[in-house]
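Colleague: Encoded as structure tokens, here's the structure I'll be asking about.
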């Protein structure tokens with residue numbers, strides 16, 4: 001007769017015994033066949049699982065499913081201890097700490113954890129959006145207006161999530177979006193992102209305003225010390241002075257950045273009231289008063305300049321298609337694609353194509369720039385309605401409101417090669433550092449793989465407009481645009 | 001002169017006397033004529049009902065409506081006691097117990113009772129749905145987007161709710177949907193469902209993961225000991241190994257299951273976060289850590305396999321139309337219809353027809369599988385728009401979000417032969433055991449009969465697309481699908 | 001020099017003096033010219049109004065607008081007392097009493113007052129609606145989907161709200177809808193309604209289940225003792241037995257009822273859960289258990305009768321178009337119009353026309369019968385889309401969800417001759433008795449007159465489909481109906 | 001070696017030094033280049049900013065961006081004091097006072113401040129709207145249904161917000177709308193508005209019911225004592241008597257009002273229940289009872305006059321297109337444009353054009369007149385659909401629900417020359433007096449300039465229907481109108 005101690009030594013995935021109604025069973029090989037998954041057994045590995053087993057299995061289940069050689073025989077009951085009770089101490093959650101990372105099942109959980117742990121200043125900076133918040137809200141709302149059309153009875157045993165994004169191979173159709181000042185949220189700052197990009201081979205588009213030097217990020221992304229690596233892209237705000245711009249572009253090339261992403265939606269910075277409010281309150285508390293950021297001229301000079309005012313600030317508000325040619329030339333054609341970030345209309349998508357740009361990045365800047373701007377999903381549909389040829393000649397990436405693998409797959413079905421996420425990764429590193437970034441990528445990977453199987457596709461290029469239902473969003477598109485005399489018949 | 005005691009002996013439906021303004025009346029034969037229904041009188045059977053009667057009846061009412069021979073004469077007032085007051089004790093509700101079953105007037109009441117009484121684990125298992133919950137929510141929302149077009153002045157004295165479902169006669173167009181692990185919620189588990197199916201002659205499609213053996217369920221359904229009985233169907237998740245599949249199918253046939261329902265929407269199990277969260281919290285409290293269910297490969301192996309990953313788990317993720325032919329053959333053509341459960345597009349409905357399947361079961365698995373999947377109502381309209389001929393050649397059943405007799409009738413008007421409910425029956429047995437299941441069926445029966453009369457139909461085959469208004473939902477359908485060059489003009 | 005006492009005697013509309021900055025003014029003739037209305041002055045009649053006057057009038061206002069002969073001269077300041085302060089006592093509201101009726105500015109205020117004051121039983125009876133409440137909610141929601149198209153620069157000095165309803169002259173396009181058992185809410189019961197109908201000359205359609213005898217109501221409606229009067233209509237639920245039906249109709253004619261309104265949407269009574277729940281709880285508390293009202297057959301007889309079941313209850317569930325001919329004959333053609341109450345589709349509107357009915361009454365019974373039934377506004381639009389000729393040959397009245405004069409005018413613009421309200425009048429009499437009914441009619445009259453002027457119409461026959469915007473509701477109509485091969489081009 | 005005191009003297013925009021990691025830097029010329037704006041540096045002017053600087057700048061940032069001559073060298077650490085801590089006292093907000101004006105970042109903040117500070121009476125007057133509030137709510141809701149189509153890569157260095165409104169040059173496409181009785185909210189009343197209009201050169205349309213004399217307002221608007229000034233317009237309610245009307249018009253001309261705005265939507269005053277309720281409660285508390293304002297005839301006279309009733313009140317309810325000719329003549333053609341305020345349909349816009357009016361002012365009176373009236377945005381789209389030629393021949397201004405610069409720009413894109421705001425300015429003066437009005441204009445100016453840059457326009461005449469997406473609102477327009485046999489193909 002076996003003893004509880006003997007059974008107790010088989011408490012792992014490699015050798016897993018359990019006791020049920022006084023008998024020991026070797027379920028090691030059965031773990032992966034268990035309909036409830038291996039975890040529900042592993043919790044009881046080496047222990048008496050009767051209490052768990054009884055209510056959910058029909059009589060005879062174990063006899064039916066487990067080969068006779070795995071029936072190990074009786075266990076001396078006096079040697080078996082009762083299952084451990086919860087110790088109330090372990091369930092006491094410290095309110096100042098984020099919950100265990102393993103309890104973050106989706107990106108919303110991670111955001112919630114960050115809201116409790118990062119500084120008020122960091123939260124105000126990352127969480128804020130422009131003016132009425134309409135642009136930010138439409139991002140999430142528009143993804144929710146798209147549904148899937150799941151196909152069945154397709155062999156989905158093997159699923160590949162691989163994708164090329166801005167010319168680089170990636171393990172997922174996911175990119176880390178440019179977001180500034182990560183060290184506000186965590187001492188390691190953008191290094192956390194670089195480590196995630198390296199480990200999981202997802203591209204990382206570093207912000208011009210990274211709080212870690214780009215060279216350091218490039219090195220970190222290139223290799224994670226375990227033979228894995230990814231690619232760094234460089235996001236650029238075009239400065240007023242050409243020499244500064246030239247230096248930036250040269251620096252990006254020197255750091256081996258594989259794509260240049262020129263932001264075109266930020267001639268001036270948007271009015272992000274939550275962030276502004278936080279700063280003003282801090283100033284008031286500190287006793288220093290400075291006129292608000294957006295009162296960019298002397299308040300005494302009430303009447304505007306008849307010639308029109310000119311904004312202060314670091315970015316060139318004069319950037320135009322003509323100037324873009326100069327940037328194009330600076331970057332050259334050997335260093336990787338040049339993408340425009342912030343395209344929000346079919347007209348500009350077409351102009352970008354005509355300007356010979358390699359890729360467009362549809363975005364309303366996470367709702368942080370223009371008020372009541374369209375979501376990337378809407379812009380994508382607008383392009384498909386009015387100038388679908390754009391998608392044949394340029395790669396398209398996008399961001400805004402993406403929080404689920406399902407959102408990523410909707411974007412791919414619309415025609416995007418890759419989908420960028422910004423805030424979720426900042427929240428992840430703010431609450432959990434590098435581990436949080438790892439976890440965020442894993443969540444997305446799992447959601448994507450699972451959803452691919454459930455809608456019946458095994459590789460991303462099988463996704464198309466018939467994989468999804470976009471009727472609701474289509475009804476909100478412009479009906480005609482003067483730049484496009486004929487509308488595509490497909491949408 | 002009568003006494004209060006004499007009157008008090010006539011306190012039943014068989015002989016019902018009441019006292020009003022000092023006179024006794026025999027209202028036995030009037031009970032069913034009473035506009036307020038017999039109950040409002042029966043509460044006062046054998047008693048002085050003056051207080052109740054006075055404020056709501058015009059003077060002379062009793063004289064006008066009750067034949068003179070039922071006027072029994074004066075009652076000696078000194079022999080009549082005052083109406084009993086409420087004893088405050090009886091109204092104290094024990095918060096740990098569900099409310100009296102008679103107070104459950106609809107399936108939502110039953111769900112609410114279950115939420116207070118079943119274990120956290122059972123609640124998490126039954127209540128959870130996939131990812132963002134969008135699929136689950138669209139189920140209820142889409143039924144609410146359909147309204148009725150009630151017809152009047154039709155003789156609805158006799159109404160029949162009879163229907164054939166998957167080839168079997170049923171007393172209602174209602175089926176108990178496959179749902180696993182009922183013993184989580186109640187010690188009798190699926191036996192409660194089988195008893196309900198037998199008593200009311202509604203089909204019961206037993207889950208592959210029943211916690212009571214299928215043979216036992218089949219015996220219970222076949223006869224309830226009082227001469228009534230129903231039919232058991234068998235729901236099958238196709239396992240990886242053909243021998244296991246063959247044994248399952250043979251077992252279903254041996255148990256006399258009258259239909260084989262093959263689930264085709266579950267190559268992998270959906271991500272049900274509420275359930276997952278419950279398990280993780282339980283594990284954390286118990287001190288055992290197991291990596292999350294969906295991290296189905298070694299976390300250290302961060303980069304996906306270039307060939308694509310393969311899921312663990314018991315189901316065959318490789319099941320396809322080809323393999324279905326083998327299953328079809330195993331089941332044969334003499335054992336009853338073979339149905340595919342989980343059809344979500346017009347394209348797959350048509351493929352099922354072409355594959356010679358007998359029936360399709362439209363479902364998004366109660367919102368527990370793919371995220372942002374369509375409701376069965378939407379899929380049904382999609383079929384009617386793009387391939388209405390499907391409905392002429394295959395029976396259609398469906399489930400998802402059905403909580404009212406009105407929902408059932410909408411589905412029938414759309415073309416379904418039967419409508420399955422899953423969670424409501426699990427909540428019913430969890431809170432009230434077998435009696436709860438009886439009650440749930442009775443509620444549905446009453447809602448269906450009542451609504452049939454109120455919309456002017458006396459048998460279910462009178463229901464059609466003009467019985468309902470589906471305009472809102474129609475506007476959300478895909479506008480065109482490449483598999484269907486021509487769209488039906490009817491929708 | 002005047003004294004405060006002298007001024008104080010001029011404190012009414014007939015002679016109104018006020019003190020401003022130490023001077024007295026006679027503003028009697030100015031009262032009606034005051035932009036803020038006479039009330040804002042009358043509050044200060046005979047008093048020192050300086051505090052009120054100062055902040056809102058430009059300097060010189062009084063001199064400019066008041067003829068010099070109304071400047072009465074200085075008042076001895078020592079004879080003027082300060083304005084009375086609020087006594088805190090007077091502002092203490094007794095929670096058990098409704099607020100002063102004058103504070104009820106709209107019908108919602110009256111409903112709120114009733115919710116606080118009538119018995120639980122009465123509230124449950126009047127407030128309840130069928131099943132999911134969808135039918136009730138769509139009533140209010142659909143009115144809100146219609147907007148006005150207000151026209152300007154039309155002479156609206158004189159506005160007439162007169163209208164003929166079911167053949168009778170009425171001072172408003174408003175009718176008191178049939179609602180049963182008013183004595184549940186107030187001892188005078190339906191007499192309150194009859195008094196309101198008489199005083200304001202609005203038709204009152206008495207319920208078959210009035211708790212006051214119809215003869216008494218007819219007498220009360222006919223004359224209010226001050227030379228005013230109205231008309232009673234009779235609402236009939238057709239009983240099973242022809243002799244009872246014949247007696248009812250004869251009674252209505254004998255009582256001088258000017259129209260017969262046959263309810264056709266109630267072959268059985270709807271499932272009103274709030275009311276049901278109240279009864280069940282009362283029964284449970286009293287210790288008497290009676291099976292639920294809707295379990296209309298023996299629960300032990302679980303399986304339905306193969307021939308279909310037949311409902312108990314007082315109404316004829318067999319009533320059909322054929323039987324209607326008999327009723328038509330009983331009522332005759334000299335006693336006033338015969339109307340069908342409960343029409344909910346274009347098809348039945350057309351059948352009613354073909355059956356020679358004089359009027360149709362569009363209604364979903366206040367949402368108390370079929371679940372997910374259409375609102376009267378929707379049915380009206382459906383008729384205008386599919387069979388507009390119906391409106392040329394039959395009068396149309398309607399009810400459901402009407403709570404504002406604006407709702408009444410929308411219905412008239414859609415083509416209704418009159419609009420009935422039920423619950424609001426029951427709440428009015430429940431909370432305030434006869435005065436409440438008076439007030440409810442006055443509120444409606446004022447809302448209607450005011451809105452008529454603001455949209456630029458002076459008589460109700462000027463209202464038509466272009467007075468309102470119904471585009472949102474139109475988009476929810478059925479697209480085609482087989483009974484109507486051609487759709488009207490107007491809608 | 002420098003000392004903390006020396007550094008501390010450079011603490012302004014003119015000379016700004018900061019200490020970082022023990023070194024002093026002169027950042028005066030860098031202030032405007034700083035990506036985070038000058039404020040984030042100025043807070044630390046003359047101080048040790050290490051704590052702020054460290055977490056958000058990559059190593060080497062200061063060396064890279066600041067010329068070597070601005071590196072001032074080491075500072076003696078013993079002479080540098082730690083950054084001041086917040087004094088908890090300063091953060092304690094007095095609940096009775098509004099928050100510091102600098103914390104008002106948008107007009108909603110100002111409204112919120114007013115809700116806490118102005119008298120109940122003033123709040124009730126300004127905040128109230130008609131009947132069901134539907135008209136008021138649709139104003140804000142309809143702006144939100146319009147989104148922008150932001151264009152990129154346009155030189156937006158210089159942006160001009162200049163516009164002509166009712167013939168006058170203005171610095172913004174913004175006008176102060178007529179609103180009465182400002183002294184209810186602040187002792188200076190409308191003078192606050194006049195000062196804002198003068199300082200920022202925005203037109204101010206003074207209400208007929210201003211609580212400051214129009215002559216005083218005109219003088220104040222004309223010049224602000226610092227060489228700036230604006231224009232006053234005059235809003236007129238047409239009185240019953242022609243002599244009064246003539247005097248009003250002459251007065252406006254004498255005061256130099258540059259436009260006459262005749263309100264045409266107020267033959268009677270709307271039913272504003274919040275205001276009414278406040279008055280009634282005040283009366284009840286004071287013990288004086290006066291019948292409600294809208295009971296404009298004797299309540300005892302219950303039945304309406306067969307000839308129709310006539311409203312009391314100061315305005316002419318008989319004003320029509322004929323009478324308008326007389327007003328037109330009184331005003332003449334030399335005094336500036338005549339505009340009609342309150343146009344709500346395409347039909348009336350066309351009639352106004354045919355009547356030779358110079359401008360139309362689309363408005364539903366802030367939702368204070370007709371119930372369920374259309375928003376100005378909807379009316380504008382209706383005009384563009386049915387009679388776009390109106391916009392070529394008359395100027396259009398509008399108001400209602402405008403709370404953001406984005407709303408203003410949407411209106412301009414629809415075709416408005418100017419956009420008026422009423423309540424926001426009343427709240428501004430109520431909470432903060434003249435400074436509040438200044439602030440409100442500055443907020444709008446900043447929002448407008450910022451949004452113009454972000455959508456890629458540099459002057460307002462570049463805005464057109466393709467700058468915005470109006471598809472959702474278009475779907476709610478009337479489909480046809482009998483006055484317009486042909487619909488414009490553009491919308």
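Protein chains in written order, with the UniProt record's numbering: chain A, 1 to 491; chain B, 1 to 491; chain C, 1 to 491; chain D, 1 to 491.
Where a beta carbon is used, it is the ideal one built from N, C-alpha and C, also for glycine.
Here the structure is a predicted model, which is why all the values come from computation and not from measurement.
(1) In three-state DSSP terms, what is residue 341 of chain B?
(2) Extract the residue ranges of the alpha helix (DSSP H) inside the UniProt domain "Cytochrome b5 heme-binding" (1-76) of chain C, only unbroken runs of 4 or more that lie entirely within it.
(3) Short of 7 Å Cβ to Cβ, which residues in the region 238-254 of chain C face chain B?
(4) Quick one: what's got a C-beta closer than 7 Å to residue 160 of chain B's C-beta in the same chain, skipping five residues either side?
(5) Taking 8 Å as the threshold (C-beta atoms), are residue 439 of chain A and residue 101 of chain A in contact?
(6) Would you give the residue range spanned by the beta strand (DSSP E) that residue 263 of chain A belongs to?
(7) Measure the alpha-carbon distance for residue 483 of chain C versus residue 137 of chain D and round it to whole angstroms.
(8) Quick one: which residues of the region 466-479 of chain C get their C-beta closer than 7 Å to a C-beta of chain D? List them in chain order.
(9) Does the beta carbon of residue 56 of chain D sit closer than 8 Å to a beta carbon anywhere in chain A?
(10) Nearest-angstrom Cα distance between residue 338 of chain A and residue 204 of chain A?
(11) Is there a C-beta anywhere in chain B that falls below 8 Å from the one on residue 278 of chain C?
(12) I'd like the span of the alpha helix (DSSP H) that includes residue 251 of chain D, first residue to last.
(13) DSSP on residue 166 of chain B, reduced to helix/strand/coil?
(14) Spell out whether any CB of chain D is found under 8 Å from the CB atom of residue 10 of chain A.
(15) Answer with yes or no whether the minimum CB distance from residue 487 of chain A to chain B is below 8 Å.
(16) Below 8 Å between beta carbons: does that hold for residue 33 of chain C and residue 388 of chain D?
(17) CB residue 173 of chain D to CB residue 396 of chain D, shorter than 8 Å?
Modeller: So, to answer that:
(1) Position 341 of the second chain, counting from 1, holds the residue named residue 341 of chain B. Strand.
(2) Within the UniProt domain "Cytochrome b5 heme-binding" (1-76) of chain C, the complete alpha helix (DSSP H) runs of at least 4 residues are 4-8, 39-42, 50-53 and 61-65.
(3) none
(4) Position 160 of the second chain, counted from the first residue, corresponds to residue 160 of chain B. Cβ neighbours of residue 160 of chain B beyond the five flanking positions: 458 and 459.
(5) For the purposes of this step, residue 101 of chain A is identified with residue 101 of the first chain, where counting begins at 1. For the purposes of this step, residue 439 of chain A is identified with residue 439 of the first chain, where counting begins at 1. Against a cut-off of 8 Å, the Cβ pair of residue 439 of chain A and residue 101 of chain A comes out as a contact.
(6) Position 263 of the first chain, counted from the start, is the residue given in the question as residue 263 of chain A. Here the beta strand (DSSP E) through residue 263 of chain A covers 260-263.
(7) As a position in the third chain, residue 483 of chain C is number 483, starting the count at 1. As a position in the fourth chain, residue 137 of chain D is number 137, starting the count at 1. Going by the C-alpha atoms only, they are around 40 Å apart.
(8) 466, 469, 471 and 472
(9) By one-based count along the fourth chain, residue 56 of chain D stands at place 56. Yes - at least one Cβ of chain A is within 8 Å of the one on residue 56 of chain D.
(10) As a working note, residue 338 of chain A is residue 338 in the first chain. As a working note, residue 204 of chain A is residue 204 in the first chain. Cα to Cα, the separation comes out at about 15 Å.
(11) Within the third chain, residue 278 of chain C is the residue found at index 278, counting from 1. For residue 278 of chain C, the answer is no, since every Cβ of chain B falls outside 8 Å of its Cβ.
(12) What you label residue 251 of chain D is simply residue 251 of the fourth chain in a count that begins at 1. In the DSSP assignment, residue 251 of chain D falls within the alpha helix (DSSP H) that extends over 242-254.
(13) The residue you call residue 166 of chain B lines up with position 166 of the second chain. If DSSP states are grouped into helix, strand and coil, residue 166 of chain B belongs with coil.
(14) Residue numbering aside, residue 10 of chain A sits at position 10 when the first chain is read from its first letter. Not closer than 8 Å to any Cβ of chain D, the Cβ of residue 10 of chain A fails to qualify, so no.
(15) Counted from its first residue, the first chain places residue 487 of chain A at position 487. No, residue 487 of chain A does not count as interfacial toward chain B.
(16) Locating residue 33 of chain C in the third chain gives position 33, where the first residue counts as 1. Locating residue 388 of chain D in the fourth chain gives position 388, where the first residue counts as 1. In this structure, residue 388 of chain D does not lie closer than 8 Å to residue 33 of chain C by Cβ.
(17) Taking the first residue of the fourth chain as 1, we reach residue 173 of chain D at position 173. Taking the first residue of the fourth chain as 1, we reach residue 396 of chain D at position 396. In this structure, residue 396 of chain D does not lie closer than 8 Å to residue 173 of chain D by Cβ.
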